[in-house]
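S.K.: Taken in sequence, the protein lines are chains A and B. Heads up: the first sequence is residues 0 to 109, going by our numbering. Heads up: the second sequence is residues 4 to 117, going by our numbering. Below is one structure. I have some questions about it.
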Amino acid sequence: GESVGLHLPTLSVQEGDNSIINCAYSNSASDYFIWYKQESGKGPQFIIDIRSNMDKRQGQRVTVLLNKTVKHLSLQIAATQPGDSAVYFCAETRWEKLTFGTGTRLTIIP
Amino acid sequence: KAGVTQTPRYLIKTRGQQVTLSCSPISGHRSVSWYQQTPGQGLQFLFEYFSETQRNKGNFPGRFSGRQFSNSRSEMNVSTLELGDSALYLCASSVRTGGGDGYTFGSGTRLTVV
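Dropping the structure here:
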């Protein structure tokens, strides 16, 4: 069936390095994608979004890339900081609701 | 401005009991969606309410129900609780229905069924 999945469940990155979190989706009709960050004990927090008519969108220290050809979404975090430690979810708008991937836990190594 | 408020934050219930969770959306947001989050299943969509009407529903049994009031506040009810209902229940609000402009989440209600 259709799904939104992540390539890796965990990712460890040295503080100061760049992080890349990947996500694969299977529904080519999805037109809106979001990355969320969830810290322990909190609800998911919006990071950045992108619509299907775009390939790239940048925010503060974050960039989202969308490759519709291979149905791939990525989140790049520049100069990773300890506060970036969290679980990151990609989500897509499908069937009139947001459907979430399984999440990647990002751990920052000091 | 105030965010999405969920009450209570923590709840312990016994199997067979029922529970009601509350969600107050961001002022001006008319859509409220509910998600169940568990380690094994991730974030699973329960339902969405918009202007007091259920607009969408996930694949959960009828024991899970909800409603929305005229002030957009929403409640979620789970009857005949089972151990597997233990989860973090998240509420999210948005201006429009359908997830097309993203959601703002509350901190959730942690439900433990014993």
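For every residue, glycine included, the Cβ atom is placed at its ideal position computed from N, Cα and C.
Kindly say whether T101/A, judged by its beta-carbon, lies nearer than 7 Å to any beta-carbon of chain B.
M.R.: So, interface residue.
S.K.: Would you mind reading off the limits of the beta strand (DSSP E) that contains Y106/B?
M.R.: That residue, Y106/B, is in no beta strand (DSSP E); it is neither H nor E in DSSP.
S.K.: Return the CA-CA distance between S2/A and A90/A, expressed in angstroms with no decimal places.
M.R.: Note that S2/A has pLDDT 43, beneath the 50 cutoff, so the model's placement of it is unreliable and no number is given.
S.K.: Assuming F108/B contacts P43/A under a Cβ cut-off of 8 Å, what Cβ separation, rounded to an integer in Å, is found between them?
M.R.: About 5 Å; that satisfies the 8 Å criterion.
S.K.: Excluding sequence positions up to five away, which residues of its chain have a Cβ less than 8 Å from the Cβ of R18/B?
M.R.: Correct list, in chain order: L84, E85, L86, V116, V117.
S.K.: Taking the beta carbon of V81/B as the centre, do at least 16 other beta carbons fall within 10 Å, making it buried, or is it exposed?
M.R.: By the neighbour-count rule (16 or more Cβ atoms within 10 Å), V81/B is buried.
S.K.: Considering only their Cβ atoms, is the gap separating G103/B from Y24/A smaller than 7 Å?
M.R.: Not closer than 7 Å, so no.
S.K.: Taking a cut of 9 Å between CB atoms, which residues from the stretch 17-43 of chain A lie near chain B?
M.R.: Against chain B - using a Cβ distance shorter than 9 Å - the residues of the stretch 17-43 of chain A are D30, Y31, I33, Y35, Q37, G40, K41, G42, P43.
S.K.: Between the stretch 22-29 of chain B and the stretch 67-81 of chain B, can you find at least three pairs of beta-carbon atoms closer than 8 Å?
M.R.: They touch, by the three-pair rule.
S.K.: Which whole-angstrom value describes the C-beta separation of K96/A and E51/B, a residue pair presumed to lie in contact below a C-beta threshold of 8 Å?
M.R.: Confirmed, Cβ separation roughly 6 Å.
S.K.: For S84/A, I'd like the list of residues in its chain whose CB is within less than 7 Å of its CB, leaving aside the five on either flank, ordered along the chain.
M.R.: The residues are L105, T106, I107.
S.K.: What does E51/B touch in chain A if you count any residue whose Cβ is under 9 Å from its own?
M.R.: Those within 9 Å of E51/B in chain A are E95, K96.
S.K.: Taking the CB atoms as reference points, tell me whether V7/B and S97/B lie closer together than 7 Å.
M.R.: Not a contact, by the Cβ cut-off of 7 Å.
S.K.: Between the stretch 41-73 of chain A and chain B, which residues of the former have CB atoms less than 8 Å from a CB of the latter, in chain order?
M.R.: Correct list: K41, G42, P43, Q44, F45, D48.
S.K.: Please state whether DSSP places L97/A in a helix, a strand or coil.
M.R.: If DSSP states are grouped into helix, strand and coil, L97/A belongs with the strands.
S.K.: With a threshold of 7 Å between beta-carbons, can S110/B be considered close to chain A, or not?
M.R.: Yes, because at least one Cβ of chain A sits closer than 7 Å to the Cβ of S110/B.
S.K.: Less than 8 Å between the CB atoms is what I'm expecting for G45/B and G102/A, so what's the real figure, rounded?
M.R.: Right, their Cβ atoms sit about 6 Å apart.
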